[in-house]
Amino acid sequence: MALAGARSPGQATLALAIALFLAVFLLVPVATVVYVAFTDKGGGALTLVNFLDFVRTDLFVRSFWNSVYVSAMTVAWASALALPLAYLTTRFEFRGAMLVQTLGFLPLVMPPFVGAVAMQLLFGRNGSVNLLLDEWFDFKIGFMEGLNGVIFLQAIHYFPFILVNLSAALRNIDRAMEEAAQNLGSHGLRLFRRIALPLALPGYVAGSSLVFVKVFDDVATPLLLNVKEMLAPQAYLRITSIGIDDPMGYVISVVLIAIAVATMWASARALKGRDYATTQRGGGGLVRRRLKPRESALAYAVVILILALVLAPHVGLLLLSFATVWSFSPLPDGYTLAHYARVLSDSSVYIKNTLLYSSLAAGIDVAVGGTIAYLVLRTRLPGRQWLDWAASTALAVPGVVLGIGYLRAFYGVKLPDGTPLAALWIVIVLAIAIRRLPYALRAAYAALQQISVSLEEAAENLGATKARTVRRVVVPLMTGGLLAGFVTSFATAAVELSAVLILVQSNSDAPLAYGLYVLMQTPAGRGAGAALGVIAVLIVAICMGLAQLAADRSQRARGLDI
Amino acid sequence: MSKAAGIEIAGVNLSYGSTQVLKNVDLSIHPGEFFAFLGPSGCGKTTLLRLIAGFAQARTGRVLLDGQDVAPLPPWKRDVGMVFQSYALWPHMTVARNVAFGLEERCLPRAEIDRRVAGALDLVGLAAYADRRPAQLSGGQQQRVAVARTIAIEPKVLLLDEPLSNLDARMRVSVRRELRSLQQRLGLTTIFVTHDQEEANTICDRIAVMDAGVIQQVGTPMELYESPANLFVAGFLGSANILDDRAGVAVPAGKRLVFRPQHATLTAAEGAAMRGTVANREFLGATVRYAVRVGESEILVDAPFRSGGELRGVGDRVGIALPPERMLFLPA
Amino acid sequence: MFRRSALAIGLILVAGSAVAQTGKVTVVTSFSKDVTGPLKKAFENAVPGATLEVQNRNTNSGVKFLEETKANNQVDLFWASAPDAFEVLKAKKLLSPYKPKATGIAEKVGSYPVNDKDGFYSGFAASGYGIMWNERYVKANKLPTPKDWQDLATAPYFDHVSISAPSRSGTTHLTIETILQGEGWDKGWRTIKEIAGNLRQVTDRSFGVPEAVNSGQVGYGIVIDFFAFSSQGAGFPVKFVYPSVTTLVPANVGIVANAPNKAGAEAFIEFLLSPAGQEALLEPTIRRLPVRPETYAKAPADYPNPFKDKNLQGLLTFNAELSESRTAAVDTLFDQLITFQLEPLKAATKALHDVDAALRKKDNAQVRALAKEARDLIAAMPITAAQAASPEIRAAFTGGKQKSARQAELEQQWAAFAKEKYAAAKAKADEALKLAR
């Protein structure tokens, strides 16, 4: 795998450029905020005593273990949701597969605030389901109570990560592996369990480690369920308290970052010994069987059931956007289009900004993420693994910390005409991009791992330079993975709020999520907020569809049907 | 060991989309035979093999295994052992686990599984590698593990899909001999798919030559060599001279004259039915191969090499003599 | 000629000052569009040429933003409900003092002085705290209608009440502080904890409470009045009542230090305090209480009037200094004793409610004594009022040199204290219950 030394200068420059990018837009801003964790409050001397306080405080230790529990259980439940869908779509000729593919990523697109309100109205203690259960059967289920409520919401929200990665890995299994097992007497679920799943392990581990870290660091969902005894909400609450300059919020942020890096490292370690790529040749995926009518009905039932569950927030959102009043009842009192009327008139600037910011952010993510993946997997530069770790820390940095850090780092920088750098909307784009970089990075990494080096070497052998090889051979082959990265970045960027709230300085620069936040501050704004949320989801869905179409068309034109 | 089974294939037609891959295939494989499917790539030989294994479905026709119609049986119920071209060893399992797989699927008692795994690995000479992972083995060793994996279940039939194509030339010779001796020891009916006629000739009992989905001829290597049924078979197995009447010999319309290089001899040019000029001469050790230009055709003539014997040179005018009994007239 | 030039100069001066007042006035505010919209329009009508640029952020983001951008400040005004935010900004020297020229503004509304004593920020409106409830929820669960704070501490309300944490809501903090100043440190905390024992949740933002009541997730909420009224305006089935002793909390506006358009900022403040601005507060979407007493003549008959209504008068004079001196301690005590120990507190409270029910059926002196002991355990506080205001404790939060312990250590001490006490209280209550049955 070692590549000629003569090309190292180009690679080294690229690596340095990436390192600089990460330093300027991630590490330095975060450091300016988080260094407080290492100083003595008031004194300013360097010390680790705050970390000592962290482990001595019951509340923090309790929160830590709660976070670990919630994250692990979320991975378990998200896997339970993803596995049947992955099985059905990769193993069978199943038209419902299209349905799963297009709708399966929607749970990632959940507008802030209003999504949780919708979920409470459906599944809360006095939500639709429980009101009906109580009326008919005299009992209630605590879907949204405490830690279980968080696990429920998070599993629904993040299961697409596991679904996408697992499906991709299953599709890349050499068909001969399965046929050999069938030949020796195995079939059906037993074969799936003994052969397909172990071979798909890298994809599964990639998806589930991402889910673990994301849930561990999620602030919004626990807070909206009023669960405060988890690590990330604790950090947020302390950092955003007024008047108390508390280092503990930053101490917790450091712990969050450390856990994120540790998880990534552990998952990489776990897969190290397994040499999957070399013995896989043709790909071709598992053999697809046609379903008999009864099996087909069962399959559709399972798919619809799971999709209904994971899309429940969106259903609730839709209902809320048309509702006049919805309070303590299974369904709204009445319906109206007034909310949409109110929102459509002044949301064009939000829509424009959201499209612009999210596309740019996703583009930056794919470019930087792809480059880091290439540098890590294809070069022998010393310390390249650190680029990966550094980029991955972005998962764990709370949005509010990044926002403050950007202000601190860039507000002093002035443009020639006196406006501060941080006032430009490009800073918002960068904040959004940085926070999503790890998604694109993981997707690019997985895609590159499945491409044999010999394909690039053949190109170079025929006279192509490194750059041309990347452009003409590597990138087209990575399109599937890069697209997946673009999609997840875009979808989640469209609903980013916490960093935006600090950085936005005028309404004309604001994206949809901000408009939504403004609306959700009043009781009368709830319906309009939901309407804006639905618009946000629709926009993202349409853009995803278009991106998928464009990618499919270009792949087909080149004869590389994914 | 296992009871050898015969295979009957009757009237099989198979298409992928609009392309017909197997056309009216009829074949009969005797129990205990080492049978080859031989042909160029794309001729349908692998498809026919996969049909027997259950990985392809025919539109028409029947496949009988040991007298039983296997069409309704899925691959996992057919009891045929298949060795894949890529070996398809599972990287997440050790060699021993790979070999034990089929036995575990049959729910045999642990002691029996261990015994058979040990036996199979012993048979292929890899007993010491039981705890290694496939990634740690060489190509030849991987192939032997794949073979051990299938014979462990003592199948009725052994199917080998181009098993030697990924090995280097020297390994190919030794491994094919090992396969032959293994097959004879076990008495297993074996089907061997290959595009290499030398492999097929050296170890198989009978060969089915295929081209474009059609079985061209079935017979022992010698039969096929001596009495090819058509031009394709003649050209595929060993070198052959195929001539029409432009060579100066009377060839009936719609037919071609076919003969082997070693059956012709070089004579003096005067009075010979075929006359030409030596265009090339190759020294092959035991023989010298002359390429003689006759009219527009080039005819190959092999002469045994005897030190001190007569050698023609390039540019010599020569004649070619061919005994009538060595002349084959095959449809064009 | 002199007269003409004098006139010209005069005109230029007037025009100049008018120009200085106009232009863009930037305000960072936590008020919703319902409030800023009408006021912006009215302001721009009253001061032609001025435009109000509204940057909507939640309070803490607003404070952090001003802090981080002070080197090149582009904001003129900070406009919010939370008085603690203004104290923080004042302490960090991020505000410029300004004495409004408007006359006819009251000195005090309820218990609070309208303006900051040092003149760094001015009050322009007030709101009252009260109890809001969801009619459908209450009906479905057959619950009573509350009238007073004390009601919320009684048994039927168990697990049906919501409040936002004082550490997250400056106005809630003032309400808590008012209880402490009115009833005294120990009794005040006792009252607070008795109500807290009935809580279903403690939210981390003010709006979380009315939101939960609106959806019917929670039955009762301790909220600021305009949330309840705007919820009713939006059609939610909720009702609201001011308790017999209500806290009025002021809403403020202050000029940011080094404001780019100081004149414009001053004009805005003057507008807010002018009769026109104060009248605008009466609009249904805004529904704040003006600080100009004469405005109430224009208000509808049932509009609360802090200068006339008995229950809004305020029984005490709020001691702002005292509040200031212990604000961090009170916030942290609430969080460590209540917010993060809610389950143990509720468990003990439930047990006591059961004991009371048993006592009503059959009185028993010993059981009553045990119950009293349990209640005393719950009401116990880890520090006294004097300690709470002391320099040592204060320094723990600011990082000063006199601190006795670090903030994290204090928090852990107080949390452990509460955990122990509540467990002991529950044990006593269980004991009493066993005796009673």
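Here the protein sequences line up with chains A, B and C, keeping their order. Heads up, the first sequence is in this note's numbering, so the first residue is 1 and it goes up one at a time. Heads up, the second sequence is in this note's numbering, so the first residue is 1 and it goes up one at a time. Heads up, the third sequence is in this note's numbering, so the first residue is 1 and it goes up one at a time. Glycine residues also receive a C-beta, built at the ideal position from the N, C-alpha and C atoms.
If we ignore side chains and look at the alpha-carbon of each, how far apart do B:G295 and B:L231 end up?
Pairing B:G295 with B:L231, the inter-Cα distance amounts to about 21 Å.
Please state the DSSP three-state secondary structure of B:D122.
Helix, per DSSP.
What residues from chain C crowd round A:L407, counting only those whose CB sits closer than 9 Å?
Chain C residues near A:L407: K64, F65, E67, E68, T69.
Tell me the rounded alpha-carbon separation between B:I242 and B:F259.
Those two C-alpha atoms are separated by around 7 Å.
For A:G96 and A:A493, what's the separation of their Cα atoms in angstroms?
28 Å
For C:R394, count neighbouring C-beta atoms within 10 Å of its own C-beta (all shown protein chains included) and say buried if the count is 16 or more, exposed if not.
buried
Going residue by residue through the stretch 35-66 of chain C, where are the continuous beta strand (DSSP E) segments of at least 3 residues, counting only ones entirely within it?
50-56
Once DSSP output is grouped into helix, strand and coil, what is the label at A:L291?
When secondary structure is reduced to three states using DSSP, A:L291 falls in the coil class, being assigned neither helix nor strand.
For chain A, find out if any of its Cβ atoms is closer than 8 Å to the Cβ of B:I203; answer yes or no.
no
Alpha carbon to alpha carbon, how far is A:T278 from C:E68?
For A:T278, the predicted model reports a pLDDT of 38, less than 50, meaning its position is unreliable; a value from the coordinates is still stated below. So the two alpha carbons sit approximately 53 Å from each other.
For C:T327 and C:A396, what's the separation of their Cα atoms in angstroms?
Answer to the nearest angstrom: the Cα atoms are 13 Å apart.
May I ask you to report which of helix, strand or coil DSSP gives B:N24?
strand
Taking 8 Å as the threshold (beta carbon to beta carbon), is C:D302 in contact with chain A?
Not an interface residue.
Unbroken alpha helix (DSSP H) runs of length 4 or more, entirely within the stretch 256-280 of chain C: which are they?
262-273, 275-280
Residues bridged to B:A291 by DSSP?
B:N280, B:L300
Look at the Cβ atom of A:P107, then the Cβ atom of A:I156, and state whether they are nearer than 8 Å.
yes
Between which two residues does the beta strand (DSSP E) holding B:Q216 run?
214-219
Report yes if the C-beta distance between A:G316 and A:V325 is below 8 Å; otherwise report no.
no
Measure how close the beta-carbons of C:A365 and C:A425 come, nearest whole angstrom, since I'm counting them as under 8 Å.
So it is not a contact: roughly 19 Å between Cβ atoms.
Mind checking if B:G81 is an interface residue toward chain A, Cβ cutoff 8 Å exclusive?
yes
Spell out whether any CB of chain A is found under 8 Å from the CB atom of B:P40.
no
Go ahead and pull the three-state DSSP assignment for A:L462.
A:L462: coil per DSSP, three-state reduction.
What's the gap between the Cα of A:N183 and the Cα of A:R553?
37 Å
From what residue to what residue does the alpha helix (DSSP H) around A:S329 run?
Per DSSP, A:S329 lies in no alpha helix (DSSP H) and is assigned neither H nor E.
Under 8 Å by Cβ, that's how I've got B:L65 and B:I7 pegged, so tell me the actual separation to the nearest angstrom.
That pair is a contact at about 6 Å.
Since A:P511 meets chain C, which of its residues come closer than 7 Å, beta carbon to beta carbon?
Result: empty, since nearest Cβ-Cβ is about 14 Å, beyond 7 Å.
Name, please, each residue of chain B whose Cβ falls closer than 9 Å to the Cβ of A:D246.
Simply none; closest approach about 49 Å.
Scan the stretch 30-79 of chain B and note each continuous beta strand (DSSP E) run of 3 residues or more that stays entirely inside, going in chain order.
34-38, 60-65
For chain A, check one thing: does any of its Cβ atoms lie closer than 8 Å to the Cβ of C:S215?
yes
Measure how close the beta-carbons of A:R296 and A:G515 come, nearest whole angstrom, since I'm counting them as under 8 Å.
The identity of residue 296 of chain A in the sequence shown is Ser, whereas the question assumes Arg. Contact doesn't hold; Cβ gap of about 43 Å is too wide.
Since I believe B:L322 is in contact with B:K255 (beta carbons under 8 Å), could you give me their beta-carbon distance rounded to a whole number of angstroms?
Contact between B:K255 and B:L322 is ruled out by a C-beta separation of about 16 Å, above the 8 Å threshold.
Is DSSP giving C:A200 helix, strand or coil here?
Strictly speaking, residue 200 of chain C in this sequence is Arg, with Ala absent from that position. Strand at C:R200.
For B:A148, collect the residues of the same chain with a Cβ closer than 6 Å to its Cβ; drop the 5 residues on either side in sequence, then sort them by chain order.
Sequence-distant partners of B:A148 (beyond 5 residues in either direction) whose C-beta falls short of 6 Å from its own C-beta, in its chain, are V99, A120, L121, V124.
Please identify, using Cβ separations under 7 Å, the residues of the stretch 229-263 of chain A that lie next to chain B, in order along the chain.
Listed in sequence order: no entries.
If you run the structure through DSSP and keep just helix, strand and coil, what is B:S15?
strand
Let me know if A:W136 comes out buried or exposed under the rule of 16 or more other beta-carbons within 10 Å of its beta-carbon.
Looking at its Cβ environment, which holds fewer than 16 other Cβ atoms inside 10 Å, A:W136 is exposed.
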